[in-house]
Each structure stands twice: as C-alpha cells, then as structure tokens.
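Undergrad: Counting in our numbering, the sequence shown runs from -19 upward without gaps. Ideal Cβ positions, reconstructed from N, Cα and C, are used throughout, including at glycine. Computed from a prediction, not measured in an experiment: that's the story for all the values here.
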Amino acid sequence: MAAALLQAPGVQISGCRVQPQQQSSGSSSSSSSSSTTLVAGQSSRSVVLSSAYFGRSKFVARRLWIDKASKKEFCVLRTKKQQQGVQCSVADSSTIQDSVATTQLIPGSEKTPEGVECYGVFCVTYDLKEIDEQKPKTWKKMLRVVVSGAAGMISNHLLFKLASGEVFGHDQPIALNLLGSERSRDALEGVAMELEDSLFPLLREVNIGIEATEVFRDADWALLIGAKPRGPGMERADLLDLNGQIFAEQGKALNAVASPDVKVLVVGNPCNTNALIALKNAPRIPSKNFHALTRLDENRAKCQLALKAGLFYDNVSNVTIWGNHSTTQVPDFLNAKINGKPATEVITDRKWLEEEFTPRVQTRGGALIKKWGRSSAASTAVSIADAIKSLVNPTPKGDWFSSGVFTTGNPYGIADDLIFSLPCRSKGDGDYEIVPDLQIDNYLYERIKKSEKELLAEKKCVAHLIGDENGYCDLPEDTTLPGEQ
Ligand code: LMR
C-alpha cells in the first residue's frame, strides 16, 4: 500500500492528484505557517475521503492520509498549480517517514476549519493499494467533468447518470467537480454525500466549490447548467445580460484553467447566446468545442412524431432542430424519418406537422412548467446525457443528432459567429461535423431565417460581453424561451 504513496511527484492516488512542488528525501518533514512537507510512510496506511478548502471554496472528497495505528491524519495535496495548499489537519511529522512532497499552505490555514464534517462514505477508511489493484486494467484514463448549477434539479438527475458510467461508458472513471453558489453550499455538500453513498465504482473523486476558477481546473467536460431564471417584471434583455455575465465569467475561467480541449455544453438559458458568450471569453479553447443543448427539443420532437405515427420512439430518426432553443426553433419534419421512411410519407397530414407538431415542440417547456410549476429537469438531464453520448459514440450510419454549434463555415448559409442548432454527426471522439445537404423547403427556410434573426438580435444585446462594439438591444417580439408563454 505504502509503495503507491512513495512514487514520483505527480502520482495519481485513487483519483487524488499529488503534484508536489519539490521533493525532499529522508525521514524529515516539516510544518510551518507557510509551508508543510507532506509525507507518506512505509507502514500500512489507509485513505479517508474528507473535506478541504481551497481559497474561499470548499471541496469535499479530498483525501486525507490517516495512519491506521495512531489514527493521525495529514493533508492531501492539491495540484501544484494551486499554489495555495489546503486547509486540513496535518499529521504529527514524527510518525511519518520518507517525505515525498512539499506544498505551500495559506499562512495560518493548516487547521481544519470548524464545522467540517465527513460525509457518508467520505468517513470510511479503505486500503489504497487494494483499490488500485482492484481497478480493472481496461479502464480508461480518468475524465474530469465539471457541472455548474450542481445543486439544482437538473443536476440532481444528471450527476447520478454520469457517475454510474451510463454516459461516458462503463470503463471510464470520472472525477466530478461541482460548482455551486454561496447560497447552495449546504445543498452541494448534500449532493456530494449522496454521490458517495451511491458507491459508484467509476466515481473516483468528488469536489465541490463556488469559485469557477478552482472548480473548472483541468476540466475535460464542462456542463454549464446553472443560470438565473427570469424573474417577475424582468425584461428578456435583462435576463440575457444577467446570465450573460455568468457565462462570460465561466468562459474566462475555462480559458484560464480547463483542459485546452475541454468540451463545453451550455444548458442554462438562453443557452445558445450563453454558449456564444462563454466561447468568446475563452479564446484558448476551440470554438468548435462549445455546444448549446437542443437535444431536449430533438427528443421532444421524436416523441411527438412517434405518438402521431403510433409507433415506439426508436422508430424515429434523423430529426433536426434548427436554430435557437426558443419558441423560434424549427423542428424539422421534412428530413425526419420514421422506420427509415420520410416522416412526411408516414404522417401525411402536413397541416398537423406545421400547425400542431411544430408549436407543440417549440412550447413544450412551457407546457411542462404549467404542470410542474418549474422547468423540466429529469428530461433535460436525460437529454444532456444523450447529447454527450452522441459525441462519445459513433453516430449510427445515415443518422444525425442536433446540437447548438458554432456556425462559422457552416454549409447552410447561416450567419457566421453564432451558436445555432444544426444536424451533426460524430465519430465518437468527442468531435463532430455538420451534416450537409439536408433538404430545405420554403417553409423550413423562412423559419430557420426567423430563428437566425432572433439569435443575431440576442448577440447584439450581449455585445458588451463578447468584445463587440456598437451593441444595442432590440429583441424581436417572439423572442421567448420554450418555457415563457
Ligand atoms: C425547457 O425547454 O424545458 C426549458 O428551456 C424551459 C425554459 O424556458 O426554461
């Protein structure tokens, strides 16, 4: 067991990174108000999941080393990039041999903050070597998945899917970095407790925090769910500005600390424009990596077509949502297929397709809010899972999926520099291409243009957040989210 602890700097210990700034040898270790040497002994040790603070953010499920015999525990290390160290208790150095790492601590912060508890299985000690040995050799390298709005309803459904392996695969260990707000601190801890209590083998690490620049560090995927809902009396332009500021900050944070190839899926509304704002504030990350969630709309459209055709959902394919995740979105029945045949040959009632199917999909969010008294959560989480699965698995031959993607260079003549929902396909490597040559008739064309116009107007409203000059906000009448009616 101890051998694992004594490896070179940067060793990954059961999902917990240890990247010392410098290495010291021998049996000495030191602790002061500004730095401490963290060490691991030859003797058998266990690891316990517990809590730690980085800057102003609290993270749980950091590992504390604990000496089984003496029950003394000592600090886990965060990455060297952090340069801040952690607040946690440090073992009595006399019990520790073979120093492996040094990190900076915030002066005076070596003590565990009052009130820090361990949560669920975070309190359970277990043998690290055993865990490493038990880890199947076929498992892939760990992915770090960031979720904002982590204490909200959508996340409450989504996180357990992510942790179960259903989304990224049953050979894909993950770390979850959960971003919440000051207000949701306790709820975030509750989420972390439930995740740990679920004993997901693939879930190697859970971190919670309220600072995007901490929580987004090294993210491979960022699922940006948290956004403010439109309040009473609030103009839509106000919502664009309010949420836009959140996504500008988060774009900057991704740019600063996320993996350079991080894939970003924006769910918080208005998601297309929020995704554009995040993209524009993250020039280091390829624009192609930014998505806005329109898979929920695609799923809704498939459901309606299946119901009308009297068939099960999986008979419906090739459904595109064009445009904005708003009531101007265009659910495409023209190129859709039912049982491999054009949907318009199976559902010959064009009036129904235009006048019932289309508005029903466009306003499904509002219909749900009326029933639930709040926005859709479970089906949104399912659609986020579907959207990710579509990028990490090859698209079935001849099919495609919808995602709000960056338009520059698109084959449909949609204005450049927008996030617009288009038909996409993937080889399963996280990347995608836009599927060209779909049939666009006058009906589709007019509606696609209307959605494009709406997104151009939204973009003008947030010019101040994307580095454009001469912005002004003049939104078209029908600019409403699916839930606003
Ligand atoms: C949905 O489509 O269910 C949500 O985007 C609804 C909304 O407007 O918040």
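1) Tell me whether asparagine 298 sits in a helix, a strand or coil according to DSSP, three-state version.
2) Have a look at Ser306, Glu457, Lys429, Gly410 and flag the residue whose alpha-carbon is nearest the alpha-carbon of glycine 393.
3) Going by C-alpha distance, which of Ala365, Val171, Lys288, Gln152 is nearest alanine 131?
4) Let me check you understand the geometry: is the CB of arginine 216 closer than 8 Å to at least one non-hydrogen atom of ligand 1?
5) Should threonine 338 be labelled buried (16 or more other beta-carbon atoms within 10 Å of its own) or exposed?
6) How do the region 249 to 256 and the region 393 to 403 stand: do at least 3 beta-carbon pairs fall below 8 Å, yes or no?
7) Considering Cα atoms alone, identify which of Glu325, Arg280, Ser128, Gln284 is closest to serine 363.
8) Could you give the first and the last residue of the continuous alpha helix (DSSP H) run that contains valine 125?
9) Give the list of continuous alpha helix (DSSP H) stretches no shorter than 4 residues that lie fully inside the region 233 to 273.
10) Between the C-alpha atoms of histidine 137 and leucine 183, what's the straight-line distance to the nearest angstrom?
11) Evaluate contact between the region 120 to 129 and the region 146 to 157, counting only Cβ atoms and requiring at least three cross-stretch pairs below 8 Å.
12) Going by the beta-carbon positions, is the gap between aspartate 241 and aspartate 277 smaller than 9 Å?
13) Could you tell me how far apart the beta carbons of glycine 408 and proline 374 are, in whole angstroms, since I believe they sit closer than 8 Å?
14) With respect to the beta strand (DSSP E) encompassing alanine 155, which residues constitute its N-terminal and C-terminal limits?
15) Mind checking which residues open and close the beta strand (DSSP E) that includes alanine 202?
16) At what residues does the beta strand (DSSP E) containing lysine 374 begin and finish?
17) Would you mind reading off the limits of the alpha helix (DSSP H) that contains isoleucine 346?
18) Out of Leu455, Pro263, Ala323, point me to the one whose CA is closest to glutamine 230's CA.
19) So the candidates are Asp294, Lys141, Tyr293, Glu426; which of them puts its Cα closest to the Cα of serine 178?
20) The alpha helix (DSSP H) with glycine 384 in it runs from where to where?
21) Given a cut-off of 9 Å, decide if valine 147 and phenylalanine 196 are closer than it, judged by their beta-carbon atoms.
22) If we ignore side chains and look at the alpha-carbon of each, how far apart do proline 181 and serine 144 end up?
23) Could you tell me whether the Cβ atoms of glycine 189 and leucine 219 are closer together than 9 Å?
24) Within 10 angstroms of its Cβ, does phenylalanine 54 collect 16 or more other Cβ (buried), or is it exposed?
25) Skipping 5 residues on each side, what residues in its chain have a beta carbon closer than 8 Å to that of tryptophan 485?
26) Kindly list the residues whose CB is nearer than 7 Å to the CB of asparagine 456, restricted to its own chain and excluding five residues on each side of it in sequence; keep chain order.
27) Looking at leucine 222 and leucine 245, is the spacing between their C-beta atoms short of 9 Å?
28) Can you tell me whether leucine 259 is buried or exposed? The criterion is at least 16 other CB atoms within 10 Å of its CB, across all chains shown.
29) CB of serine 370 to nearest heavy atom of ligand 1: below 8 Å?
TA: Well, looking at it:
1) coil
2) Lys429
3) Val171
4) no
5) buried
6) yes
7) Arg280
8) First-last for valine 125: 123 to 128, but that is the beta strand (DSSP E), not the alpha helix (DSSP H).
9) 251 to 260
10) 16 Å
11) yes
12) no
13) 4 Å
14) 154 to 159
15) 201 to 204
16) The question names lysine, but residue 374 is proline in the sequence shown. First-last for proline 374: undefined, no H or E at that position.
17) Going by the sequence as given, residue 346 is glycine instead of isoleucine. Glycine 346 -> alpha helix (DSSP H) spans 344 to 352.
18) Pro263
19) Lys141
20) From DSSP, glycine 384 is part of no alpha helix (DSSP H) but of the beta strand (DSSP E) over 381 to 386.
21) no
22) 8 Å
23) no
24) In this prediction, phenylalanine 54 has a pLDDT of 41, which is less than 50 and means its spatial position is unreliable; what the coordinates show is noted afterwards. The residue in question, phenylalanine 54, is buried, as its Cβ has 16 or more Cβ neighbours within 10 Å.
25) The structure shown does not extend to residue 485, since the chain spans only -19 to 465, so no value can be given for it.
26) The sequence given here places proline at residue 456; asparagine does not occur at that position. Closer than 7 Å at Cβ, skipping near neighbours: Lys433, Glu434, Ala437.
27) no
28) buried
29) no
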